[in-house]
Amino acid sequence: MMSDTQTTDFAKSSAPLLQVVGISKAFPGVQALSNVSLRLYPGEILAVVGENGAGKSTLMKILAGVLQPDAGQIYLQGHPVRFRHVEDAQRHGIALIHQELNLVPNLDIAGNIFLGREPAQLGPIRWLARDIYRQAALYAQQLGIQAPLTTPVKNLSVGQQQLVEIAKALSLASRILIMDEPTSSLTPRETERLFQIIRQLSQQGVSIIYISHRLREVDQIADRVSVLRDGGNAGELAKDQINYEAMVRLMVGRELKQFYQRHFAAPVAKEALVHVTNLRFHLHQQRPISFTIYRGEVLGVAGLMGSGRTRLLETIFGIRPKISGQIYLGQREVRIQSPYDAIQAGIYLIPEDRKCHGLILEDSVCHNLSLPSLRELTRYWLIRTRQEKILARRMIAHLNIRTPHLDQPVGLLSGGNQQKTVLGKWLARRPRWLLLDEPTRGIDVHTKSEIYALIDNLAHQGVAILLVSSELEEILGLCDRVLVMHQGELAGELPRPQIHEETIMRLATGGKISL
Amino acid sequence: MKKLLGLTVFLALLYAALCIARGQLPDYAFHYNLGRDIGYYGIMTLEAGILIISGGIDLSIGSVVGLTATLLPMILLAYGETNAAYQVFAICLVLGLGALIGLAHGVLITKLGLQPFVVTLCGLFIYRGLARWISEEQVMGLGNRFAQLKGLLYADPVGPFPKFFVILLILVGVFGVFLHGTLYGRYLFAIGGNERAARYAGIAVDRYKILAYVICSTLAAFAGILYVMQHNSALPSNTGSFYELYAIAAAVLGGCSLRGGEGTVPSMVLGTAIIWLLDRWTLTLGIRSELLSTVVGAFLLAGAILEEMLRRWQSEPR
Numbered sequence: 013m014m015s016d017t018q019t020t021d022f023a024k025s026s027a028p029l030l031q032v033v034g035i036s037k038a039f040p041g042v043q044a045l046s047n048v049s050l051r052l053y054p055g056e057i058l059a060v061v062g063e064n065g066a067g068k069s070t071l072m073k074i075l076a077g078v079l080q081p082d083a084g085q086i087y088l089q090g091h092p093v094r095f096r097h098v099e100d101a102q103r104h105g106i107a108l109i110h111q112e113l114n115l116v117p118n119l120d121i122a123g124n125i126f127l128g129r130e131p132a133q134l135g136p137i138r139w140l141a142r143d144i145y146r147q148a149a150l151y152a153q154q155l156g157i158q159a160p161l162t163t164p165v166k167n168l169s170v171g172q173q174q175l176v177e178i179a180k181a182l183s184l185a186s187r188i189l190i191m192d193e194p195t196s197s198l199t200p201r202e203t204e205r206l207f208q209i210i211r212q213l214s215q216q217g218v219s220i221i222y223i224s225h226r227l228r229e230v231d232q233i234a235d236r237v238s239v240l241r242d243g244g245n246a247g248e249l250a251k252d253q254i255n256y257e258a259m260v261r262l263m264v265g266r267e268l269k270q271f272y273q274r275h276f277a278a279p280v281a282k283e284a285l286v287h288v289t290n291l292r293f294h295l296h297q298q299r300p301i302s303f304t305i306y307r308g309e310v311l312g313v314a315g316l317m318g319s320g321r322t323r324l325l326e327t328i329f330g331i332r333p334k335i336s337g338q339i340y341l342g343q344r345e346v347r348i349q350s351p352y353d354a355i356q357a358g359i360y361l362i363p364e365d366r367k368c369h370g371l372i373l374e375d376s377v378c379h380n381l382s383l384p385s386l387r388e389l390t391r392y393w394l395i396r397t398r399q400e401k402i403l404a405r406r407m408i409a410h411l412n413i414r415t416p417h418l419d420q421p422v423g424l425l426s427g428g429n430q431q432k433t434v435l436g437k438w439l440a441r442r443p444r445w446l447l448l449d450e451p452t453r454g455i456d457v458h459t460k461s462e463i464y465a466l467i468d469n470l471a472h473q474g475v476a477i478l479l480v481s482s483e484l485e486e487i488l489g490l491c492d493r494v495l496v497m498h499q500g501e502l503a504g505e506l507p508r509p510q511i512h513e514e515t516i517m518r519l520a521t522g523g524k525i526s527l
Numbered sequence: 096m097k098k099l100l101g102l103t104v105f106l107a108l109l110y111a112a113l114c115i116a117r118g119q120l121p122d123y124a125f126h127y128n129l130g131r132d133i134g135y136y137g138i139m140t141l142e143a144g145i146l147i148i149s150g151g152i153d154l155s156i157g158s159v160v161g162l163t164a165t166l167l168p169m170i171l172l173a174y175g176e177t178n179a180a181y182q183v184f185a186i187c188l189v190l191g192l193g194a195l196i197g198l199a200h201g202v203l204i205t206k207l208g209l210q211p212f213v214v215t216l217c218g219l220f221i222y223r224g225l226a227r228w229i230s231e232e233q234v235m236g237l238g239n240r241f242a243q244l245k246g247l248l249y250a251d252p253v254g255p256f257p258k259f260f261v262i263l264l265i266l267v268g269v270f271g272v273f274l275h276g277t278l279y280g281r282y283l284f285a286i287g288g289n290e291r292a293a294r295y296a297g298i299a300v301d302r303y304k305i306l307a308y309v310i311c312s313t314l315a316a317f318a319g320i321l322y323v324m325q326h327n328s329a330l331p332s333n334t335g336s337f338y339e340l341y342a343i344a345a346a347v348l349g350g351c352s353l354r355g356g357e358g359t360v361p362s363m364v365l366g367t368a369i370i371w372l373l374d375r376w377t378l379t380l381g382i383r384s385e386l387l388s389t390v391v392g393a394f395l396l397a398g399a400i401l402e403e404m405l406r407r408w409q410s411e412p413r
């Protein structure tokens with residue numbers, strides 16, 4: 013490990029402005045951070061990188077006072093501090109700029125910059141107006157906000173809105189700016205402009221903590237990189253050590269934990285079941301998406317958050333309209349305009365957000381399980397409730413769903429059993445092609461392995477499976493082949509022997525690999 | 096099931112209180128009129144309830160009643176000739192108008208994505224205005240004609256039961272089976288419970304939401320027809336006013352959640368019965384009739400508070 017071995021220019025010149033020592037934070041069922049430490053020097057641009065779920069966001073929320081740590085201490089200029097809420101952190105000069113901006117769309121630029129602070133500082137409304145515009149003008153000039161200060165922020169581009177957020181932070185006399193994925197919705201030009209501003213702020217002594225998945229950008233902008241992995245420190249890179257390979261290595265450098273082993277079938281006659289050709293679902297998509305899935309194959313889809321994986325699945329399933337492209341199942345083209353069409357063809361989606369899209373939480377386990385199959389259960393206009401209960405009992409037994417009775421509201425079950433209920437809805441029918449979107453998110457280890465066994469089993473029955481997962485282990489352990497997505501496009505396809513964490517991460521972050 | 100039992104018990108208590116207040120068992124005429132009112136308003140509770148279960152709301156019920164009640168006499172009296180076929184035609188026309196109104200609501204809400212509250216609030220104004228305009232603010236009445244039609248739909252009791260009550264029972268049967276026995280009903284519950292999950296389960300959400308609006312407004316038109324049968328005439332500026340609020344109140348009292356996805360047909364009837372027993376009770380107690388709506392509101396509020404407290408008590412870890 014390279015951590016704590018290198019001294020940076022900043023370390024030579026001054027004492028740390030911010031020091032985080034041994035921070036831990038647990039959420040129900042998951043240890044988000046354990047014993048994490050971090051230093052930040054005045055005027056430094058520190059990038060914090062890590063995979064999805066490595067703990068970056070949690071750490072930043074703790075620094076900004078949104079969350080409170082279970083253990084550990086934060087020091088500002090050597091003094092221990094404790095942030096009970098966001099205002100506390102702000103008072104100490106720490107501002108967090110969220111990925112989704114926190115502006116009031118109808119309020120103008122100046123109003124947004126001084127939102128919430130008008131009366132106390134500036135007295136009666138009449139005076140307030142003139143004064144905030146005068147002060148806002150200073151920040152606008154400093155940051156190069158060209159639009160008139162009376163423009164409602166909803167009329168600004170995302171890049172400009174971000175500058176307003178930064179102005180807001182500066183007006184709070186912030187010494188530390190935390191930026192969470194600031195470039196995720198910026199154009200390259202806006203990104204370039206943002207970098208100029210970040211550098212300029214750093215010269216003025218403002219310290220920046222820069223969170224990004226885009227390692228190429230980190231390479232450009234950061235003075236130092238701190239890598240998080242599985243909620244802990246994975247290492248640190250000084251300015252001259254920052255490069256793409258080093259970051260990826262630290263991000264994924266762990267041994268594979270014990271994991272479900274699939275029984276990969278011997279490649280007998282490979283029969284293609286699914287063809288997706290020239291699928292476009294996004295206006296800015298340069299290259300359309302095409303892929304094939306063989307009968308009994310688990311095709312993984314890896315990629316970072318926001319890389320378009322869920323969108324791909326939802327487009328196939330008919331939730332979102334596609335711009336162009338064909339989907340073939342077997343020899344036939346299936347025209348999918350709504351989930352109904354997909355379901356008729358035997359294509360089922362297990363959605364990412366089970367509470368929102370997968371279940372009717374107040375309704376019973378039985379009704380949830382039977383919902384997509386009601387047509388088949390109907391005779392003479394009436395639902396045959398006996399058959400319905402038989403179906404529900406069958407799925408409960410098959411998937412080992414733990415519920416006190418059939419009429420239990422599904423919202424009262426544990427996360428794992430809820431997820432099994434979602435699966436049961438579709439397995440009660442005959443799937444030909446299953447779209448699984450993060451099928452094991454937020455569920456316990458035991459249920460996870462049950463679901464893995466189920467996926468393996470389905471593959472053996474000849475079902476084609478498209479599996480989106482942010483957990484690389486899952487991709488590595490389950491998939492015959494992996495597609496990697498980056499910014500709404502296919503960045504590459506990896507056959508089984510070439511599925512490695514490093515190659516996946518590299519493709520997912522916009523890098524190239526040589527096959 | 097528990098809710099149904101609770102409502103029944105409450106209804107029984109209310110009836111007992113009423114008997115005590117009167118000092119004797121109420122007579123047949125009292126029950127007949129009560130049954131008629133429950134029958135009449137129950138129809139509207141049913142339509143509002145179906146919509147609320149599917150996650151919608153309709154504020155225009157009363158105005159649709161007003162418009163259709165105004166139109167029916169005009170159509171019936173448009174020609175001197177009034178044979179049975181023409182009467183059936185007139186009624187179908189009015190019901191068709193109701194269906195059309197519901198279709199318009201449904202399409203605006205699903206295809207344009209407007210809020211149900213807004214669309215039907217606009218409806219409330221529009222249909223009331225139309226009723227007043229086409230009638231030129233004149234009372235529209237049937238006079239002493241159409242005795243047979245009035246007998247069929249209103250006046251002739253079935254055994255000891257008022258006709259409206261019997262009509263309600265028929266509708267309760269039909270819509271009870273529809274809501275609780277068929278997949279269409281199950282879909283409406285699913286849509287009201289979680290519209291997005293319903294969509295992800297392959298349900299043509301828009302189609303069924305439109306269906307719910309069509310059912311609701313068609314039944315409102317039917318209520319308009321029955322109004323004319325009972326009262327012989329309609330006052331365009333007033334007929335049906337606030338009916339939607341009574342309907343929604345009764346549905347909520349009967350256990351429909353305004354969040355959608357919850358409620359049963361029998362308990363909607365019980366909700367209506369409670370409101371009309373309250374009405375009679377306040378009358379017997381000598382509470383001024385102006386205060387009736389206050390009493391109903393207070394009971395509704397008490398019910399809501401009770402339910403919330405029960406819910407909290409149940410969900411608390413013990």
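For the protein sequence lines, the chains are A and B, in the order given.
So the first sequence is numbered by my numbering: it starts at 13 and just counts up by one.
So the second sequence is numbered by my numbering: it starts at 96 and just counts up by one.
Heads up, the beta-carbon is just placed ideally off N, CA and C, and yes, glycines get one too.
In this text, all values refer to a predicted model and were calculated from it rather than measured experimentally.
Any beta-carbon of chain E closer than 9 angstroms to the one on B/Arg407? In summary, chain E is missing from the structure at hand, where the protein chains are A and B.
Please determine if the stretch 412-427 of chain A and the stretch 372-387 of chain A are in contact, where contact requires at least 3 C-beta pairs separated by less than 8 angstroms. yes
Examine chain A for any beta-carbon lying closer than 9 angstroms to the beta-carbon of B/Val267, and answer yes or no. On the second sequence, residue 267 of chain B is found 172 positions in, with the first residue counted as 1. Output row for B/Val267: interface = no.
Which residues in the same chain have their Cβ closer than 7 angstroms to the Cβ of B/Ser362, if we skip the five residues on either side of it in sequence? As a working note, residue 362 of chain B is residue 267 in the second sequence. If we look at B/Ser362 and ignore the five residues flanking it on each side, its Cβ neighbours are Lys98, Leu99, Leu102, Gly349 and Gly350.
Whole-angstrom C-beta distance between A/Ile190 and A/Ile233, which should lie under 8 angstroms: Numbered from 1 along the first sequence, position 221 holds the residue referred to as residue 233 of chain A. Numbered from 1 along the first sequence, position 178 holds the residue referred to as residue 190 of chain A. The Cβ separation is near 14 angstroms, so there is no contact.
Following the continuous alpha helix (DSSP H) through A/Ser382, name the residue where it begins and the one where it ends. Along the first sequence, one-based indexing puts residue 382 of chain A at 370. Taken as a continuous stretch (DSSP letters only), the alpha helix (DSSP H) holding A/Ser382 covers Val377 to Ser382.
Would you verify that the beta carbon of B/Ser152 is, or is not, closer than 9 angstroms to some beta carbon of chain A? Mapped onto the second sequence, residue 152 of chain B falls at position 57. Note that residue 152 of chain B is Ile in the sequence shown, not Ser. Cβ-Cβ to chain A under 9 angstroms: no for B/Ile152.
For A/Gln43, list the residues DSSP reports as bridge partners. On the first sequence, position 31 is the one that residue 43 of chain A refers to. Paired residue(s): A/Ala38.
Between the alpha carbons of B/Leu387 and A/Asp143, how many angstroms are there, rounded? As a first step, residue 387 of chain B must be located in the second sequence, where it is residue number 292. As a first step, residue 143 of chain A must be located in the first sequence, where it is residue number 131. Spanning the two alpha carbons is a distance of roughly 56 angstroms.
Return the residue from the list A/Gly423, A/Leu479, A/Ile301 and A/Trp445 that minimises the CA-CA distance to A/Thr452. To locate residue 452 of chain A, count along the first sequence from 1; it is residue 440. It is A/Leu479.
For chain B, find out if any of its Cβ atoms is closer than 9 angstroms to the Cβ of A/Ser350; answer yes or no. Looking up residue 350 of chain A in the first sequence gives position 338. It does; some Cβ of chain B falls within 9 angstroms.
Taking C-beta to C-beta, are B/Val364 and B/Leu141 nearer than 9 angstroms? The residue labelled residue 364 of chain B in the question sits at position 269 within the second sequence. The residue labelled residue 141 of chain B in the question sits at position 46 within the second sequence. A contact, by the Cβ cut-off of 9 angstroms.
Going by alpha carbons, who is nearest to A/Pro117 out of A/Lys166, A/Val218 and A/Gly489? Here residue 117 of chain A corresponds to residue number 105 of the first sequence, with the count starting at 1. Checking every option, the nearest Cα to that of A/Pro117 belongs to A/Lys166.
Out of A/Pro92, A/Lys68 and A/Gly500, point me to the one whose CA is closest to A/Ser302's CA. Locating residue 302 of chain A in the first sequence gives position 290, where the first residue counts as 1. Ranking the options by Cα distance to A/Ser302, first place goes to A/Gly500.
Against chain B, with Cβ distances strictly below 9 angstroms, would A/Cys368 count as a contact? Locating residue 368 of chain A in the first sequence gives position 356, where the first residue counts as 1. Cβ-Cβ to chain B under 9 angstroms: yes for A/Cys368.
Grouping DSSP H, G and I as helix and E and B as strand, with all else coil, what is B/Phe256? For this step, residue 256 of chain B is matched to residue 161 along the second sequence. The answer is strand: DSSP assigns B/Phe256 an E or B state.
Is the stretch 112-126 of chain B in contact with the stretch 170-184 of chain B, if contact means three or more CB pairs nearer than 8 angstroms? no
Where the alpha helix (DSSP H) through B/Trp228 begins and ends: Counting from one through the second sequence, the residue named residue 228 of chain B turns up at place 133. B/Trp228 -> alpha helix (DSSP H) spans Pro211 to Ile229.
Separation of A/Ile121 from A/Pro164, as counted between CA atoms: On the first sequence, position 152 is the one that residue 164 of chain A refers to. On the first sequence, position 109 is the one that residue 121 of chain A refers to. Between A/Pro164 and A/Ile121, the C-alpha separation is close to 6 angstroms.
Helix, strand or coil for A/Ser238? Go by DSSP, reduced to three states. The residue labelled residue 238 of chain A in the question sits at position 226 within the first sequence. DSSP places A/Ser238 in strand when its eight states are reduced to three.
Are the C-beta of B/Phe270 and some C-beta of chain A separated by less than 9 angstroms? The residue you call residue 270 of chain B lines up with position 175 of the second sequence. It does not; no Cβ of chain A falls within 9 angstroms.
Could you tell me whether the Cβ of B/Leu278 comes closer than 9 angstroms to any Cβ of chain A? In the second sequence, residue 278 of chain B corresponds to position 183, counting from 1. Yes, because at least one Cβ of chain A sits closer than 9 angstroms to the Cβ of B/Leu278.
Could you confirm whether any beta carbon from chain B is found closer than 9 angstroms to the beta carbon of A/Glu374? Counted from its first residue, the first sequence places residue 374 of chain A at position 362. A/Glu374 counts as touching chain B.
With 9 angstroms as the threshold, decide whether the Cβ of A/His379 is near any Cβ in chain B. In the first sequence, counting from the first residue as 1, residue 379 of chain A sits at position 367. Yes, because at least one Cβ of chain B sits closer than 9 angstroms to the Cβ of A/His379.
Where the stretch 38-71 of chain A meets chain B: residues whose CB sits under 9 angstroms from a CB there: none
Please list, in chain order, the chain B residues whose beta carbon lies closer than 8 angstroms to that of A/Ile74. The residue you call residue 74 of chain A lines up with position 62 of the first sequence. Those within 8 angstroms of A/Ile74 in chain B number zero; the least Cβ separation is about 28 angstroms.
Could you check what DSSP says for A/Gln510 in three-state terms: helix, strand or coil? Along the first sequence, read from residue 1 onward, the residue named residue 510 of chain A stands at position 498. In the structure shown, A/Gln510 sits in a helix (DSSP, three-state: H, G or I).
Could you work out which residues of chain B lie near A/Thr540, taking near to mean beta carbons separated by less than 9 angstroms? Residue 540 of chain A falls outside the range modelled here, since chain A spans only 13 to 527, and no answer is possible.
Return the chain-ordered ranges of every beta strand (DSSP E) run that is complete within the stretch 141-211 of chain A and spans a minimum of 3 residues. 188-192
Among all the DSSP beta bridges, which residues are the ones paired with A/Tyr608? The question about residue 608 of chain A has no answer here: the residues shown for chain A are numbered 13 through 527.
Measuring CB atoms only, is the stretch 188-206 of chain B touching the stretch 365-376 of chain B, in the sense that at least three cross pairs come out at less than 8 angstroms? no
Residue ranges of each beta strand (DSSP E) run of no fewer than 3 residues wholly in the stretch 288-320 of chain A, ordered along the chain? 301-306 and 310-315
Smallest Cα separation from A/Arg51: which of A/Ile209, A/Gly90, A/Asp353 and A/Met407? By 1-based counting over the first sequence, the position of residue 51 of chain A is 39. Among A/Ile209, A/Gly90, A/Asp353 and A/Met407, the Cα nearest to that of A/Arg51 belongs to A/Gly90.
Entirely within the stretch 245-309 of chain B and at least 4 residues each: give me those alpha helix (DSSP H) ranges in chain order. 258-276, 278-288 and 290-295
Applying a beta-carbon distance threshold of less than 7 angstroms, which residues of chain A neighbour B/Gly297? Position 202 of the second sequence, counting from 1, holds the residue named residue 297 of chain B. Per Cβ cutoff of 7 angstroms: Pro351, Tyr352, Ile355 and Pro384.
Would you call A/Gln153 buried or exposed, if buried means 16 or more other Cβ atoms sit within 10 Å of its Cβ? Locating residue 153 of chain A in the first sequence gives position 141, counting from the first residue. Per the 10 Å Cβ criterion, exposed.
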